[in-house]
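Okay, so here's the structure we're looking at.
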Amino acid sequence: MLKYRRILLKLSGESLAGAEGYGIDAKMLDRYAEEIKRALELGAEIALVIGGGNIFRGVSAAAENMDRVQADHMGMLATVINALAFQDALERKGIYTRLMSAIKMEQVAEPFIRRRAIRHLEKGRVVIFGAGTGNPYFTTDTAASLRAVEIEADVIIKGTRVDGVYDSDPEKNPAAEMFSNISYLDVLRQNLRVMDLTAITLCRENQLPIVVMNMNRDHNFTRLLNGESVGTLVHSSPEQDLG
């Protein structure tokens, strides 16, 4: 029995860039596709949300003088580029996929329809959600939380390049301490950069757990599904349950 069966996996656009820091690294795509293939073989149902920061970030210096709505629309299209690349990597491994976009672009992706997405998952297809929520001012973290709630996922897994949630940035502070688990409220109180405020609040209101883990360690994904302690679990606290 898997610890989590239906999963929303959130990856940043930067995670696809590899050592270059921009663009798409074919080796990173292949690594992540292999991890997903192993998880599917265990019986997991997997949906994906991928950021677009490796190609364009709406709040970056490059977009400084742009209209924010225009810049965010460019960011949404960047996520579709990443989604198409990931779809190709998965299908080269024999995995059936469906790309669903929050912005209509029928030539390359299905429109997002909740019941259709759930049906694809039930049939063993990996569903990739592109174009965020389809609205400006919302991040792909928020899109991941929203889609996870809509498809009734058991968990959001946020794949990062660090092992979990720390009390400070482990890449800048070697003495940073990692939490094995932490409540949504403590994440908000300590302003820990797990996901943005809207995404955390949405998960909290729907009692949807989040696991933050290092996707660059081989077999971490399947170890987590098999019940091993991997990364940091973000969940409800007793005081929240009472409140």
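Residues 22 to 264 in the numbering used here are what the sequence shown lists, from first letter to last. No residue lacks a Cβ here, since even glycine has one placed at the ideal position from N, Cα and C. Small disclaimer: the values here were computed from a predicted structure and weren't measured.
Classify residue 196 as buried or exposed, calling it buried when 16 or more other Cβ atoms lie within 10 Å of its own Cβ.
If you number the sequence shown from 1, residue 196 lands on position 175. By the Cβ neighbour-count rule, residue 196 is exposed, with fewer than 16 other Cβ atoms within 10 Å of its own.
Are at least three pairs of beta-carbons, each pair with one atom in the segment 129 to 141 and one in the segment 70 to 78, less than 8 Å apart?
no
Taking the C-alpha atoms as reference points, what is the distance between residue 50 and residue 165?
In the sequence shown, counting from the first residue as 1, residue 50 sits at position 29. In the sequence shown, counting from the first residue as 1, residue 165 sits at position 144. Between residue 50 and residue 165, the C-alpha separation is close to 19 Å.
Identify whether residue 244 lies in helix, strand or coil by the three-state DSSP scheme.
Taking the sequence shown and counting its residues from 1, the one referred to as residue 244 is at position 223. It is helical.
Is the beta carbon of residue 99 closer than 8 Å to that of residue 163?
Sequence index remark: in the sequence shown, residue 163 carries index 142 (1-based). Sequence index remark: in the sequence shown, residue 99 carries index 78 (1-based). Against a cut-off of 8 Å, the Cβ pair of residue 99 and residue 163 comes out as no contact.
Where residue 121 and residue 130 are concerned, what is the direct C-alpha to C-alpha distance, given to the nearest angstrom?
Here residue 121 refers to the residue found at position 100 when the sequence shown is read from its first residue. Here residue 130 refers to the residue found at position 109 when the sequence shown is read from its first residue. Approximately 5 Å, taken between the alpha carbons.
Residue 343 by DSSP, collapsed to three states: which one?
Residue 343 is absent from the model: the chain starts at 22 and stops at 264.
Is it true that the CB of residue 28 sits closer than 8 Å to the CB of residue 176?
As a working note, residue 176 is residue 155 in the sequence shown. As a working note, residue 28 is residue 7 in the sequence shown. Result yes, Cβ atoms of residue 176 and residue 28 sit closer than 8 Å.
Could you tell me the boundaries of the alpha helix (DSSP H) in which residue 123 lies?
Here residue 123 is taken as the residue at index 102 of the sequence shown, counted from 1. Looking at the DSSP string, residue 123 is not in any alpha helix (DSSP H), and its letter there is neither H nor E.
By the 10 Å Cβ neighbour count, where 16 or more other Cβ atoms means buried, how is residue 201 classified, buried or exposed?
Walking along the sequence shown from the start, residue 201 turns up at place 180. Around the beta-carbon of residue 201, fewer than 16 other beta-carbon atoms lie within 10 Å, marking it exposed.
Taking CB distances under 8 Å as the criterion, tell me whether residue 36 reaches chain B.
Checking the listed chains, one finds no chain B in this structure; it contains a single protein chain.
Alpha carbon to alpha carbon, how far is residue 40 from residue 183?
By one-based count along the sequence shown, residue 40 stands at place 19. By one-based count along the sequence shown, residue 183 stands at place 162. Cα to Cα, residue 40 sits roughly 15 Å from residue 183.
So residue 223 and residue 170 are supposed to be a Cβ contact under 8 Å. How far apart are they, rounded?
Within the sequence shown, numbered from 1, the residue matching residue 223 stands at position 202. Within the sequence shown, numbered from 1, the residue matching residue 170 stands at position 149. With 8 Å as the limit, residue 223 and residue 170 qualify as a contact, their Cβ atoms being about 7 Å apart.
Can you name the residues that DSSP bridges to residue 151?
Locating residue 151 in the sequence shown gives position 130, where the first residue counts as 1. BP columns for residue 151 point to 122.
Beta-carbon proximity of residue 206 to residue 25, cut-off 8 Å
Here the question's residue 206 lines up with position 185 in the sequence shown. Here the question's residue 25 lines up with position 4 in the sequence shown. The Cβ-Cβ distance between residue 206 and residue 25 does not fall below 8 Å.
Grab the span of the alpha helix (DSSP H) containing residue 134 for me, first residue to last.
Within the sequence shown, the letter at position 113 stands for residue 134. That residue, residue 134, is in no alpha helix (DSSP H); it is neither H nor E in DSSP.
Report the rounded CA-to-CA distance for residue 257 versus residue 243, giving the unit in angstroms.
Within the sequence shown, numbered from 1, the residue matching residue 257 stands at position 236. Within the sequence shown, numbered from 1, the residue matching residue 243 stands at position 222. Cα-Cα distance, rounded: 24 Å.
Please classify residue 108: is it buried, with 16 or more other beta-carbons within 10 angstroms of its beta-carbon, or exposed?
By one-based count along the sequence shown, residue 108 stands at place 87. The residue in question, residue 108, is buried, as its Cβ has 16 or more Cβ neighbours within 10 Å.
Could you give the first and the last residue of the continuous beta strand (DSSP E) run that contains residue 204?
Reading the sequence shown from its first residue, position 183 is the one you call residue 204. Unbroken beta strand (DSSP E) run through residue 204: 202 to 204.
State yes or no: is the C-beta of residue 253 within less than 8 Å of the C-beta of residue 180?
Your numbering for residue 253 matches position 232 in the sequence shown. Your numbering for residue 180 matches position 159 in the sequence shown. Not in contact: residue 253 and residue 180 (Cβ atoms no closer than 8 Å).
Less than 8 Å between the CB atoms is what I'm expecting for residue 97 and residue 178, so what's the real figure, rounded?
The residue you call residue 97 lines up with position 76 of the sequence shown. The residue you call residue 178 lines up with position 157 of the sequence shown. Actually they do not touch by this definition, with Cβ atoms about 22 Å apart.
Residue from 92, 104, 105 and 116 whose Cα sits closest to the Cα of residue 59
Here residue 59 is taken as the residue at index 38 of the sequence shown, counted from 1. The option with the nearest alpha carbon to residue 59 is 116.
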